[in-house]
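The numbering used here puts the first residue of the sequence shown at 64, with every later residue one more than the last.
Positions of the beta carbon are idealized from the N, C-alpha and C atoms, including for glycine.
Values in this document were obtained by computation on a predicted structure and should not be read as measured data.
Below is one structure, written out as structure tokens; comments come after it.
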Amino acid sequence: MLAEWQKVTQCRFRLVGWVYIDAGKFSEEEAGFRFNIFQQEMTLALKGIVNGDLPFFAEYPQLLDAFTGIKKASINNLTDASFPKK
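Put into structure tokens, the structure is as follows:
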């Protein structure tokens, strides 16, 4: 997964990331299975990122409320997956 913060306005940011599920290494069925796991575990992964970067988020707490969008890339297509805050 690769992600970057993008400035939307002077005071608003969003986190946009890309996850590569299948670079042609897997069958369509295997890639679908991997994508389902990715969707189920992404919230946990994002929580891990926040916990691992607590000093950063303590300095920039407004980023905790930022939109997060993740794109799934595979050999066949690119799919958007946005994850609401819980």
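Per-residue burial, residue i [other beta carbons within 10 Å of its own, 16 or more giving buried]
i      : result
Lys110 : exposed
Thr72  : exposed
Ala121 : exposed
For residue i, the three-state DSSP class (helix, strand or coil)
i      : result
Pro147 : A caution first: Pro147 carries a pLDDT of 46, below 50, which makes its placement in the model too unreliable to give a value.
Val71  : coil
Leu141 : Per-residue confidence for Leu141 stands at a pLDDT of 49, beneath the threshold of 50, marking its modelled position as unreliable; the derived number appears in the next sentence. The answer is strand: DSSP assigns Leu141 an E or B state.
Tyr83  : strand
Cβ separation of residue i and residue j, assumed to be a contact under 8 Å, to the nearest whole Å
i     : j      : result
Leu78 : Thr131 : 5 Å
Gly80 : Ile133 : 5 Å
Segments of 4+ residues assigned as alpha helix (DSSP H) that fall wholly inside the stretch 87 to 135: Runs found: 91 to 115 and 117 to 122.
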